[in-house]
Structure formats: structure tokens, C-alpha cells
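Chemist: Got a structure for you, written out below as C-alpha cells; questions coming shortly.
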Amino acid sequence: MEQKDLISKINNLKKEKNAIVLAHTYQNLEIDEIADFSGDSLYLSRQAAKTDADVIVFAGVYFMAETAKILSPQKKVLLPSLSAGCDMADKINLLQLRDFKSKYPDIPVVCYVNSAAEVKSESDICCTSANAVNVVKSLNSPKVLFVPDKNLGSYVESQLDGVEVITYPGYCPIHHNITVGDIKRQKILHPDAGIMIHPECTKEVTALADFVGSTTAIIKAVKESSLKKFIIVTEKGVVDRLRRDCQDKEFVLINDNAVCKSMKLFHLEDIYRSLLNNEYEVNVDETIAQKARFAINRMINVNAN
Ligand code: CIZ
Ligand code: SF4
1112 MEQKDLISKI
1122 NNLKKEKNAI
1132 VLAHTYQNLE
1142 IDEIADFSGD
1152 SLYLSRQAAK
1162 TDADVIVFAG
1172 VYFMAETAKI
1182 LSPQKKVLLP
1192 SLSAGCDMAD
1202 KINLLQLRDF
1212 KSKYPDIPVV
1222 CYVNSAAEVK
1232 SESDICCTSA
1242 NAVNVVKSLN
1252 SPKVLFVPDK
1262 NLGSYVESQL
1272 DGVEVITYPG
1282 YCPIHHNITV
1292 GDIKRQKILH
1302 PDAGIMIHPE
1312 CTKEVTALAD
1322 FVGSTTAIIK
1332 AVKESSLKKF
1342 IIVTEKGVVD
1352 RLRRDCQDKE
1362 FVLINDNAVC
1372 KSMKLFHLED
1382 IYRSLLNNEY
1392 EVNVDETIAQ
1402 KARFAINRMI
1412 NVNAN
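If you want our numbering, it's the 1-based position in the sequence shown plus 1111.
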């Protein structure tokens, strides 16, 4: 089927089923053609919470679809493939969280949204990379536990005076495997480029940044900058969108491995099939959902302040 026919079939099905498509910034660019909302996980969770659609197709990874379901329990939430997992979220389960908490009793737990629903359900508050510093600050606690991303946790600590962030040893392999050598090599090749780094990278890497921020913050900073060239140190989807939206500027992806396979699973055909056959419905046990909803809503309220 030609792309334009596929797009029109998807749009018809969306109308027929009162469905919306949410697309994460790391998705294949073609998904934006039919997405109602495209952006980072914080933005998409806000859209999931306030939509009056009956069906949400999540073009993202499993924890994002779970978060949408938690926020909109009466809606049908579809993920076009159940293999779209997140290696970072898989680094901690409920038992590991309980074990971590038992070593540091009475310290609030901040849980990066890149985690399973049951991990969120036993955390005090969630955060995303866009609001992690504000979320930790909002707790007014001299110590916090931060799961599962040790890199984001240590970045947050570096941004706050007098707060100890005790991190769980998880990480995103895509970001964690980017090295100081990668940055130095690209800097030699592109000495005039701004270096824009995601805080899921190690602290040795973020130390070399001109700017550190979430995907949305990086995109905004690039658009506002007078520089013409940037080395982008996060997942490839960000570079794809910047090349599409800022054609007067030049973008270098840090290396060819900065590609999240789970995020690239979906093409327009998959969105069509998902809508047509209601594949695959994501559900969260209501007892877990209720507790996780509290942690997610608490985050959403912090960021709205
Ligand atoms: O929060 C998100 O959407 C992710 C996974 C990255 C970012 O910085 O936006
Ligand atoms: Fe998870 Fe990393 Fe992929 Fe993001 S880029 S979805 S953190 S594995």
C-alpha cells in the first residue's frame, strides 16, 4: 500500500474508533505523519490524562503505554508490539526495589518514569528527564533514593545543593555506552558545534556538554541558539526531528549505536494493524495502578507549578 493510502486508512480508523496516536520523540519519523501528539514522555502522559478519546495507540515502549493506562484506566490503550520494552526499565523489579529501600529506610523514593508500573507503585513520586531536578527539589529532603537510572540521579545531585541522591545501579545502555572518546572525536571533527547531551549519559560525558537536558529541552535549546551546528548526544530520533524542523542548522549524531531498537519497531503498517485489530491491549492491575497513579500525578502536579 502506498504511504498516503495507509495514512488515510489510519486516519479513517482513528475517527471511526475515536482513537488518538501518541508518538514518542524516539520513534521512526513516519509515525509523526499520523500522530495526534508527538513529544517526550511527560508531555505524552499529560495528553493521555486529558484526552477524551476512547482508544490510545501508544507509539513508544511498554512502560509508556502502562503509564497512559494508569492515567486513563477507562480507555483502551494499545501498544502495536509487546516486544517494545525498555532495557533501563528492566533493570529493576519490585523485589529489587524493596531490597534497595530496606537498605535505606525512611528516605523518599523518586522513580524515573522509565520503570514498570509495580516499581512506580512503591515509589513516592515519579519524574522524567524533563522535570527530575524540580521533582527532587519539591521533596525538601536532604536525601532521596533514585531508581533505576544512576546517571540521571547523579546529574540531579550535581544540580542541587545539599541533597544527597542515592542511586540504584541501573542505566540505559544506549546512553550509558556513549564514551568521553566519542565526544572528543566528534569535537575534533566539528570544533564549532554545540554539544547537547542527555542526562542519561555518564557524568564523565555530561561534563563535556555545552548543554545538558531532556530531549524536549535539547530541541528547544537548539532552536534558540545562534549556533549553526550541533553534536547531539542522545537517541537518533532527536536528530531526525531536528533535521526535519531546523533545516538551516546541521546535526551530527554522536555515534551510529545511539539507536533504541525498541523505539524503531513501529512503521505505519503497525499502527494500522494495531488500530484495526485492537493489538495489543495493555492493562495494569487496579491495585497497582492506584498506587502508581498517585506517584505519577504527584509528579504532574510538581511540574505544573
Ligand atoms: O522522557 C522521555 O521521554 C525520554 C525517554 C527522554 C527524554 O529526555 O525526553
Ligand atoms: Fe529505554 Fe534507553 Fe530505549 Fe529510552 S533509549 S526507551 S531508556 S532503552
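Where a beta carbon is used, it is the ideal one built from N, C-alpha and C, also for glycine.
1) Check whether the Cβ of Asn1204 lies closer than 7 Å to any heavy atom of the ligand CIZ, and answer yes or no.
2) Opposite Ala1392 in the DSSP bridges: which residues?
3) Compare the Cα-Cα distances from Lys1360 to each of Ile1411, Thr1345, Ser1336 and Glu1380 and report the closest residue.
4) Out of curiosity, what's the CA-to-CA distance linking Glu1141 and Arg1355?
5) In whole angstroms, what separates the C-alpha of Asn1122 from that of Ile1145?
6) Tell me which residue opens and which closes the alpha helix (DSSP H) that Ser1149 is part of.
7) What are the uninterrupted segments assigned as beta strand (DSSP E) that are 3 or more residues long and contained completely in the segment 1237 to 1269, given in chain order?
8) What is the DSSP secondary structure of Glu1275, counted as helix, strand or coil?
9) When DSSP labels each residue in this structure, what does Ala1170 get in the three-state scheme?
10) Could you pull the start and end residues of the beta strand (DSSP E) that Gly1305 belongs to?
11) Is any non-hydrogen atom of the ligand CIZ found closer than 7 Å to the C-beta of Ser1226, if you look at the structure I gave you?
12) Hey, Thr1326 and Asp1151: beta-carbon distance below 8 Å or not?
13) Could you pull the start and end residues of the alpha helix (DSSP H) that Phe1211 belongs to?
14) If you run the structure through DSSP and keep just helix, strand and coil, what is Val1370?
15) Does the segment 1183 to 1193 come close enough to the segment 1236 to 1251 to have 3 or more Cβ pairs within less than 8 Å?
16) Grouping DSSP H, G and I as helix and E and B as strand, with all else coil, what is Glu1361?
17) With burial defined as no fewer than 16 other Cβ atoms inside 10 Å of the residue's Cβ, what is the status of Arg1209: buried or exposed?
18) Let me check one thing: in DSSP terms, what residues is Lys1120 bridge-paired to?
19) Using C-beta distances below 6 Å, list every residue in its chain close to Thr1178, excluding the 5 sequence neighbours before and after it, in chain order.
20) Whole angstroms is fine: what's the gap from Gln1207's alpha carbon to Glu1113's?
21) Please identify the residue among Gly1196, Val1168, His1378 and Leu1319 whose C-alpha is closest to the C-alpha of Pro1310.
22) For the putative contact between Cys1197 and Asn1262, defined by C-beta atoms under 8 Å, what is the C-beta separation to the nearest angstrom?
23) To the nearest angstrom, how far is it from the Cα of Lys1334 to the Cα of Pro1280?
24) If you draw a straight line from the alpha carbon of Pro1184 to that of Phe1405, how long is it in whole angstroms?
25) Who are the near neighbours of Ser1232 in its chain, counting only those whose CB is closer than 6 Å to its CB and skipping five residues on each side?
26) Pull up the CB-CB distance for Phe1257 and Val1274, whole angstroms please, since I reckon it's below 8 Å.
27) From Asp1163, Val1363 and Lys1248, pick the residue whose C-alpha is nearest to that of Ala1061; which is it?
28) Flag this pair as yes or no: are the beta carbons of Ile1365 and Asp1293 separated by less than 8 Å?
29) Would the beta-carbon of Glu1177 be found less than 7 Å away from any heavy atom of the ligand SF4?
30) Looking only at its own chain, which residues have a Cβ that is under 6 Å from the Cβ of Ala1160, when we skip the five neighbours before and after it?
31) Do Ala1227 and Ala1200 come within 8 Å of each other at the CB atom, strictly closer than that value?
32) By how many angstroms is the C-alpha of Val1168 removed from the C-alpha of Asn1408?
33) Helix, strand or coil: how does DSSP classify Lys1339 here?
Modeler: Checking against the coordinates, here is how it stands:
1) no
2) Here residue 1392 turns out to be Glu, not Ala, going by the sequence shown. In the DSSP output, where bridge partners are listed per residue, Glu1392 has Leu1189.
3) Ser1336
4) 11 Å
5) Computed Cα separation, rounded: 7 Å.
6) First-last for Ser1149: Phe1148 to Gly1150, but that is the beta strand (DSSP E), not the alpha helix (DSSP H).
7) 1254 to 1258
8) strand
9) Strand.
10) Gly1305 to Ile1308
11) no
12) yes
13) Leu1205 to Lys1214
14) coil
15) no
16) strand
17) exposed
18) For Lys1120, DSSP assigns no beta-bridge partner whatsoever.
19) Only residues of its own chain outside the window of five on either side were considered, and among them Ser1156 have a CB closer than 6 Å to the CB of Thr1178, listed in chain order.
20) 47 Å
21) Leu1319
22) Not confirmed; about 15 Å, so no contact.
23) 34 Å
24) Each residue's Cα considered, the two are about 13 Å apart.
25) Once the five neighbours on either side are set aside, the close Cβ partners of Ser1232 are Ile1399, Lys1402 and Ala1403.
26) Going by Cβ atoms, the distance from Phe1257 to Val1274 rounds to 10 Å, so no, they are not a contact pair.
27) The displayed coordinates of the chain run from 1112 to 1416. Any statement about residue 1061 would go beyond what the structure contains.
28) Contact flag set, yes.
29) no
30) Leu1182
31) yes
32) Going by the C-alpha atoms only, they are around 21 Å apart.
33) coil
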